[in-house]
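Numbering (our numbering), first residue to last: 4 to 1226.
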């Protein structure tokens, strides 16, 4: 891209000296480019020098570092006219301290004699401490910073520039056309220009004043009309000669002044340069030297931009104000006056021969003028004078100068449009074109300076030139700058159009033998513009997802390959053929891909470095065992399992019925497959892809040198494969493991050779990367591998059971033996953990608790917890099991509370070898021993009911439960007990003796024959009457939550309302009360008969509400006491019941009492009809007053035993029912 301040940059060639590698040298050049702006205030003053930095300390010397010398001879005709095109400085970068600095300087002078300043920098190497003639030109980065070195080189440059300028003082400066002659390409415009009026060719219009006075032709014309010398009448030939000589001298001095201004621009003296450019322009206009005048105006534009960049205020030169009609009345806007008429502002000048020197104008400050608009106006004026020079045969504007002027103006306008303003940041972009464009995105101005339409129409001027007549490098520079301009405007289709023109131009001239030094610069520009260089879609995700013209990139790379083939640079042919296949294979046909591979790559693989083009060759790697032997698993030893040998304590902190089945999941099977043993041979499955349209031959697949420490390919010679075109294929390779890994080892890449290329390491690219914030194209993937030593092997020999089957009587215990052996010949066993699982746990669903009530969940978890903690006890486990050692385990099974659904148990032994007692983990294997169990019931509970106990027993009795009540204290009344009626059945083959226990009560021995059922009575102390429960009874049962055994589960809501929840709690705690205190031990009535316990939890269902009221009569606000003197009467005898209600909470006037007459034996209400057995007055309720005794009269008319209960509606039933016997 053409820089807007190109005339101010000092062209500097950087030459490598010593033994440089390309990348290292380019990095060193980048460090130089980071200091390409040298402040004059940091440069040592140079006395008696035209370009002394003290004259303008704010200035800058801006270097343009190049690594290749441009063809100076081709542009030598412009060195006097535009000195910035000359190579001024040559810097050698040396990385070899053994080289002679003086010799290097002399060699640089011989090779690049056209330069004026030479410097040698030893990069990170010392400078020999000797007196050399060129010691001021030899530096070292070890002695001083690079910025200081460049300041010293700048001082040498300013001194040499002074000498260079002195050589021009007595030289007559000629125009480029006069120096180059016919070899200089003259600007050729198309006819459309004159017809469209975009640029109007100046016409020779003479005003009345010029007709009257011919002398005005030597003064500055203030109109757009360019006066031409007309024939004048002179009195003598001497006068004619005098006028011509004076004009020639003015032209020569003006050109010398413009040359000085150009050199001052390079030296950073921008204010002096602008003054001299303005003075030169004034004189050049006076003598009608249009090409030099236009170039002087361009110099003023460059000075304005640089002074604005430095934020130094300046005054608009008078010649600019005059030419561009800038006045106090028109500060921020002006227009160019058409060439057909004079400016109105000039009419006020009195003298018809007025000139710049005689015109008095007020100089305007830069802050009062719209600088971008003024710069555009000055650039248009310069182009205007360039146009006028085209009518001359010698003093014409070369097309390269004309074209560069348009490009600089276009670049300036497009950057202002892109930044939507004119500020320091956009000025920095103009000065340093390598600044990231994204930095300008934050700039926001209310309106743009130049519109897109205005810039686009200005760019059409380029296409009015005969560009195809220019040399190819110049054409490329033009088109690339246009591409950048259209990109700044967001006109991407126009950019593509220009790129196509450039493409056609290059194709048409590829066979021409232009200077070979330029073709690499051409290619670099092409690669940068087409986003091929610094663009890695195969590595960078953002590059791969960005928008690009892939067809243009393909054509560009094909063109570049042809260029390199033309110059026989086959190294680059191979390089860019690989890039083309790597990035754009989807745009190539099968024939194109095959030709690139065979003709450009494989044919040169022995001479140049070549690598396979697909970076995603390896898509997946996995391992598969060829045998079914169990592999050990890594187990972390927790504090609860820190002992070497663990008996029946499981390592789980929270009970999990599915713990034993946990390792059956697919995920863990995959993890287990990556544990391998030393010397084990497995199968490695490698998936390779071939995105190309030709077959790819894989010569060998192996591990990297780091991976070979742990594993090796069994038969490397058998790893040659062919991947079919456009396919993905899996190959199997035998792998053996050599030694154990210290931890989990990650296999990240494989060493693969393709097409006999050198072996390269390929990363495993399993999954693409979809994260736009990441730079990687694929997600890093590695295969975890753990190689461990040979492990012990525990074998199951036999048991003391028959066929591993066991029959158990419900409630009994049993013992058997397991005979095992460590069959390993290399490793003992010093870690063992035993756990078990039954079919009861295995058959439970994961969410078994989700649809159950809390009391049901408690029963299930109680069983699971008991099975986990008490079902099995294992003893006689040795601490260390030696190599090939046999041993046995004693296993005790407790079936006291096992559920009747128990069918089998699996005993799981995890064993391994710990190298140290301090190890926190161990590799374990698992041995599972299944035991089939048949559980036979003995005593069963067929029915349970509760009845109240209202009678006192005064006479001694031999019945156990009556005798027990008679032994109690006198304070305890009969009403504190209820009777539990329990029906027991003997389901076993033999008679069974048993004994009930409930608190202090023991029933004594009872006997049941086989298949016999009997009812037994047990006295049950009511919950509220228990002495030891007085403290606990202060909390009502309805407020005690049901406990959770497994706290790991978060139970959902039961779905019950408040009253239902309270009722469920009362039922639960009453049942738990019975189960906690009720015991029953039994034994067979035969020799060596079994004995056991009855688990009532499996038989007692949830209690009914009426049983709860008997067992746990809750306390209410009323207490009803009923007494009678006639408990036993004859039929037809009146019975008087005395009722007293005590109220402690409130004292209502009248309380309704409801009574019920029940059959004592059945508990059912007596019929309330004509056949009722007891007559009573009125309804089944009476009204009583608190604390007042009320009588109730009854008349029994039928024999029987009746129970009368009382309650207050909404309260509780009476705690003391009345029993009446009618005889």
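Glycine included, each C-beta is placed from N, C-alpha and C at the ideal position.
**Option nearest residue 1103 by Cα separation, candidates 150, 1126, 1073, 303** = Here the closest residue by C-alpha is 1073.
**Asked** What's the gap between the Cα of residue 95 and the Cα of residue 402?
**Response** Distance between the alpha carbons of residue 95 and residue 402: 34 Å.
**Asked** DSSP puts residue 630 in a beta bridge; with which residues?
**Response** According to DSSP, which records beta bridges pairwise, residue 630 is partnered with nothing at all.
**Request:** For residue 789, I'd like the list of residues in its chain whose CB is within less than 8 Å of its CB, leaving aside the five on either flank, ordered along the chain.
**Result:** Shown here for residue 789: same chain residues with a beta carbon closer than 8 Å to its own, the five before and five after excluded, namely 637, 677, 678, 679, 744, 746, 747, 748 in chain order.
**Item:** For residue 915, the first and last residue of its enclosing alpha helix (DSSP H)
**Value:** Taken as a continuous stretch (DSSP letters only), residue 915 belongs to no alpha helix (DSSP H), being part of the beta strand (DSSP E) at 907-915.
**Buried or exposed by the 16-neighbour rule on C-beta atoms within 10 Å, applied to residue 1024** = So residue 1024 ends up on the buried side.
**Strand pairing of residue 1, partner residues [DSSP]** = Because residue 1 is not part of the residues shown, which for the chain are 4 to 1226, the question remains open.
**Message:** By the three-class DSSP mapping on this structure, what secondary structure does residue 1 have?
**Reply:** There is simply no residue 1 to check, as the chain begins at 4 and stops at 1226 in what is shown.
**Prompt:** Buried or exposed: residue 371, going by 16 or more other Cβ atoms within 10 Å of its Cβ?
**Reply:** Exposed, since its Cβ has fewer than 16 Cβ neighbours within 10 Å.
**Request:** Would you identify the three-state DSSP class for residue 767, choosing helix, strand or coil?
**Result:** Looking at residue 767 - three-state DSSP - the assignment turns out to be coil, as it is neither helix nor strand.
**Asked** residue 712: buried (16+ other C-beta within 10 angstroms of its C-beta) or exposed?
**Response** By the neighbour-count definition (other C-beta atoms within 10 Å, threshold 16), residue 712 is an exposed residue.
**Asked** Between the C-alpha atoms of residue 1168 and residue 1021, what's the straight-line distance to the nearest angstrom?
**Response** Our two residues, residue 1168 and residue 1021, have alpha carbons roughly 25 Å apart in a direct line.
**Asked** Do you know offhand how far residue 494's Cα is from residue 389's?
**Response** In this structure, the straight-line span from the alpha carbon of residue 494 to that of residue 389 is close to 29 Å.
**Request:** To the nearest angstrom, report how far apart residue 858 and residue 865 are at their CA atoms.
**Result:** Cα-Cα distance, rounded: 11 Å.
**Request:** Indicate whether the contact test is met: 3 or more Cβ pairs, each with one atom in the region 44-60 and one in the region 15-35, closer than 8 Å.
**Result:** As far as the Cβ criterion goes, the region 44-60 does not touch the region 15-35, which means the pair count is below three.
**Asked** From what residue to what residue does the alpha helix (DSSP H) around residue 156 run?
**Response** Here the alpha helix (DSSP H) through residue 156 covers 149-169.
**Message:** Let me confirm a value: residue 1243 is counted as buried when at least 16 other C-beta atoms fall within 10 Å, else exposed. Which label applies?
**Reply:** Past the boundaries of the shown model lies residue 1243; the chain is included only from 4 to 1226, so the question cannot be answered.
**Prompt:** Roughly how many whole angstroms lie between the Cα atoms of residue 1192 and residue 1222?
**Reply:** Taking the straight line from one Cα to the other gives about 19 Å.
**Prompt:** Sorted by chain position, which residues of the same chain lie with C-beta nearer than 6 Å to residue 993's C-beta, five sequence neighbours on each side aside?
**Reply:** Shown here for residue 993: same chain residues with a beta carbon closer than 6 Å to its own, the five before and five after excluded, namely 1087, 1089 in chain order.
**Segments assigned beta strand (DSSP E), at least 3 residues, entirely inside the region 937-966** = Listed in chain order, the complete beta strand (DSSP E) runs (minimum 3 residues) inside the region 937-966 are 942-951.
**Request:** Look up residue 838 in the DSSP assignment and give the residues it is bridged to.
**Result:** According to DSSP, which records beta bridges pairwise, residue 838 is partnered with 911.
**Message:** Please report the distance separating the alpha-carbon of residue 283 from that of residue 296.
**Reply:** Rounded to whole angstroms, the separation of the alpha carbons of residue 296 and residue 283 is 8 Å.
**Which listed residue (189, 112, 168, 170) has its alpha carbon closest to that of residue 178** = Sorting 189, 112, 168, 170 by C-alpha distance to the C-alpha of residue 178 places 189 at the top.
**Asked** Straight-line CA distance for residue 145 to residue 105?
**Response** Going by the C-alpha atoms only, they are around 19 Å apart.
**Message:** By DSSP's criteria, residue 890 is part of a beta bridge. Which residues make up the other side?
**Reply:** Per DSSP, 823.
**Request:** May I have the straight-line CA-CA distance separating residue 490 from residue 509, to the nearest angstrom?
**Result:** Taking the CA atoms as reference points, residue 490 sits about 21 Å from residue 509.
**Prompt:** According to the Cβ coordinates, are residue 688 and residue 733 closer than 8 Å?
**Reply:** By the CB criterion at 8 Å, residue 688 and residue 733 fall inside the cutoff.
**Message:** Just verifying my parser: in three-state terms, what is the DSSP assignment at residue 1176?
**Reply:** The DSSP-derived three-state label of residue 1176 is coil.
**Asked** Given a threshold of 16 other Cβ atoms within 10 Å of its Cβ, counted over all protein chains shown, does residue 672 qualify as buried or as exposed?
**Response** With a pLDDT of 39 at residue 672, under the threshold of 50, the predicted position of this residue should be treated as unreliable, though the coordinate-derived value follows. Exposed, because fewer than 16 other Cβ atoms sit within 10 Å of the Cβ of residue 672.
**Item:** Rounded straight-line distance, which links the Cα of residue 428 to that of residue 138
**Value:** In this model, residue 138 and residue 428 are separated by some 40 Å (Cα to Cα).
**Request:** Round the Cβ separation of residue 877 and residue 893 to the nearest angstrom and send it over; I've been treating them as touching at under 8 Å.
**Result:** About 7 Å separates the two Cβ atoms, so the contact holds.
**Neighbour-count burial assignment, residue 48, 16 or more Cβ in a 10 Å radius** = Looking at its Cβ environment, which holds fewer than 16 other Cβ atoms inside 10 Å, residue 48 is exposed.
**Request:** Helix, strand or coil for residue 1086, going by three-state DSSP, please let me know.
**Result:** Of the three classes helix, strand and coil, the one that applies to residue 1086 here is strand, per DSSP.
**Message:** In the DSSP output, what is residue 1129 paired with across the bridge?
**Reply:** For residue 1129, which the question treats as bridged, DSSP gives no partner whatsoever.
**Asked** Identify the residues that DSSP records as bridge partners of residue 1124: which are they?
**Response** In the DSSP assignment, the residues bridged to residue 1124 are 1143.
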